[in-house]
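**Q** Submitted below is the structure of interest, expressed as structure tokens.
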Amino acid sequence: MNIFYVDGAFVPEDRAAVSVNDLGLLRGYGVFDFLRTYQMRPFHLEEHVRRLERSARLLDLPMPCSGREVFDIAVETLSRNRGHLDEANIRLLITGGASPDSITPGGHPTLLVLVTPLHPCPETWYRDGAAVITTHDERYIPGAKTTNYIPAILALTKARQQGAVESIYIDRQHRLLEGTTSNFFAVIGDRLVTPGAGILPGITRQVVLALAEESFDVEIRDVSRDEIRVMDELFLTSSNKEVVPVAQVDGHAIGDGTPGDRTRRIMAAFAAYTRAYGEGAH
């Protein structure tokens, strides 16, 4: 059984609990971060902890302990799960804690670290390319990874009803921003383009940017929805998806409707990077 860390204690998953008065439950007041392992080495854990701290600052949510302590707790939680997991997902979660009046923070935020088995995405996504849709919506406080995922849940439900795996947000200026749980890159002509404003910058996105700059001309800029029709290639990045080629958007083919050569080069570079990253733990 999975072992979780909950507010100072390591407990089996079936005994993990928070107060029914917790603002994370009552009001959705919380932040989180999410990462996976490679050969059971947490992928860029320090960067994920720093982003968790930044998210908490943006919500004026006190950290229950230092970032260093969060890092150490995550490593210890993972260690307690090593016996039954080949690879793991790690979710770092801070909630507002119990409230005296159901809305005012009580000053005692709760830290949870959830370690669960990794479930790989379908191989067909990477071989054939995935379908995505677009949705007119925006992330609340873009720079913070909050627990407010109602827009994302609704957008993903709509996507799956249409046979798509992700939905990319479009803002009021008709800019493509990011997926509900991913960032995106587009190949337009001889340039690799990705948005930089109004998004939650992903850790996987950062790695891909660093890898891409070795071989591509990269532009970080606003991307208009109208540019979908001139995109030669498109792909998503996230911790759980890694690099997923996109074959169509809103039913319209990207390029020839199959994963492009430049996307495959990025996929190969990222796979080599994560393979080496995992081996660095030994």
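Per the numbering used here, the sequence shown starts with residue 47, numbered consecutively.
Think of the CB as a built atom: it goes at the ideal place given N, C-alpha and C, for glycine as much as any other residue.
Can you name, in chain order, every residue of its own chain whose Cβ lies under 8 Å from the Cβ of lysine 204, other than the five neighbours on each side?
**A** So the list reads Ile179, Thr181, Ser213, once near-sequence residues are dropped.
**Q** Please determine, among Arg206, Pro168, Thr226, Gly297, the residue with the shortest C-alpha to C-alpha distance to glutamate 184.
**A** Glutamate 184 has its Cα closest to that of Thr226, out of Arg206, Pro168, Thr226, Gly297.
**Q** Determine the burial state of methionine 47: buried for a count of at least 16 other Cβ atoms within 10 Å of its Cβ, exposed for fewer.
**A** So methionine 47 ends up on the exposed side.
**Q** What is the DSSP secondary structure of phenylalanine 56, counted as helix, strand or coil?
**A** In the structure shown, phenylalanine 56 sits in a strand (DSSP, three-state: E or B).
**Q** I need the straight-line Cα distance from glutamine 294 to methionine 313, nearest angstrom please.
**A** The straight-line gap from Cα to Cα measures roughly 18 Å.
**Q** What are the start and end residues of the alpha helix (DSSP H) that includes proline 197?
**A** Segment 196-207, the alpha helix (DSSP H) holding proline 197.
**Q** Exposed or buried, what is histidine 165 when buried is set at 16 or more other beta-carbons lying within 10 Å of its beta-carbon?
**A** So histidine 165 counts as exposed.
**Q** Can you have a look at serine 270 and say buried or exposed, based on whether 16 or more other CB atoms are within 10 angstroms of its CB?
**A** Serine 270 is exposed by the Cβ-count criterion.
**Q** Please classify threonine 170 as buried or exposed, where buried requires at least 16 other C-beta atoms within 10 Å of its C-beta.
**A** By the 10 Å Cβ count, threonine 170 comes out exposed.
**Q** So, are the CB atoms of methionine 277 and valine 233 less than 8 Å apart?
**A** Result yes, Cβ atoms of methionine 277 and valine 233 sit closer than 8 Å.
**Q** From proline 247 to leucine 202, what does the alpha carbon distance come to, in whole angstroms?
**A** If I take the Cα positions, the gap works out to 20 Å.
**Q** Give the straight-line distance between the Cα atoms of glutamate 325 and glutamine 85, rounded to the nearest whole angstrom.
**A** Answer to the nearest angstrom: the Cα atoms are 7 Å apart.
**Q** Give a yes or no on contact between the region 98-113 and the region 124-131, applying the rule of three or more CB pairs nearer than 8 Å.
**A** Result no; under three Cβ-Cβ pairs closer than 8 Å.
**Q** Buried or exposed, going by whether 16 or more other CB atoms sit within 10 Å of the CB of glutamate 260?
**A** Exposed, by the Cβ-count rule.
**Q** Taking 7 Å as the limit between beta carbons, can you name the residues of its chain near alanine 315, skipping five residues before and five after?
**A** Closer than 7 Å at Cβ, skipping near neighbours: Leu257.
**Q** Return the Cβ separation of proline 197 and leucine 223 in integer angstroms, given the expectation that the two are a contact with Cβ distance under 8 Å.
**A** Not confirmed; about 12 Å, so no contact.
**Q** DSSP three-state label for histidine 94, please.
**A** If DSSP states are grouped into helix, strand and coil, histidine 94 belongs with the helices.
**Q** By the 10 Å Cβ neighbour count, where 16 or more other Cβ atoms means buried, how is isoleucine 199 classified, buried or exposed?
**A** It is exposed - the Cβ of isoleucine 199 has fewer than 16 other Cβ atoms within 10 Å.
**Q** Under 8 Å, do asparagine 229 and arginine 251 count as touching if we go by C-beta distance?
**A** A contact, by the Cβ cut-off of 8 Å.
**Q** Count the other CB atoms, across all protein chains shown, that sit within 10 Å of the CB of valine 292; report buried if there are 16 or more and exposed otherwise.
**A** By the neighbour-count rule (16 or more Cβ atoms within 10 Å), valine 292 is buried.
**Q** Near glutamate 92, which residues of its chain fall below 8 Å by C-beta distance, leaving aside the five closest residues on each side in sequence?
**A** Within the same chain, glutamate 92 has close Cβ partners Phe117.
**Q** On the criterion of 16 or more Cβ atoms from any shown chain inside 10 Å, does alanine 102 qualify as buried, or is it exposed?
**A** Buried.
**Q** Give me the residue from Phe281, Asp217, Val239 with the minimum Cα distance to glutamate 265.
**A** Of the candidates Phe281, Asp217, Val239, the one whose C-alpha sits nearest the C-alpha of glutamate 265 is Val239.
**Q** With DSSP as the reference, please indicate the residues paired to proline 163 in a beta bridge.
**A** Answer is Ala134, bridged to proline 163.
**Q** Report buried or exposed for leucine 66, applying the criterion of at least 16 other Cβ atoms within 10 angstroms of its Cβ.
**A** First, the amino acid is wrong: residue 66 is valine here, not leucine. By the 10 Å Cβ count, valine 66 comes out exposed.
**Q** Counting beta carbon pairs with one atom in the region 132-145 and one in the region 57-71, are three or more of them shorter than 8 Å?
**A** Yes, they touch.
**Q** Just the C-alpha distance for histidine 328 and valine 52, rounded to the nearest angstrom, thanks.
**A** With a pLDDT of 39 at histidine 328, under the threshold of 50, the modelled position of that residue is not reliable, and the figure given next carries that caveat. Each residue's Cα considered, the two are about 29 Å apart.
**Q** How is valine 66 classed by DSSP in three states: helix, strand or coil?
**A** Coil.
**Q** Where does the unbroken alpha helix (DSSP H) through aspartate 263 begin, and where does it stop?
**A** Premise fails: aspartate 263 lies in the beta strand (DSSP E), 263-266, not in any alpha helix (DSSP H).
**Q** What's the C-alpha gap between phenylalanine 89 and glutamate 122?
**A** Spanning the two alpha carbons is a distance of roughly 15 Å.
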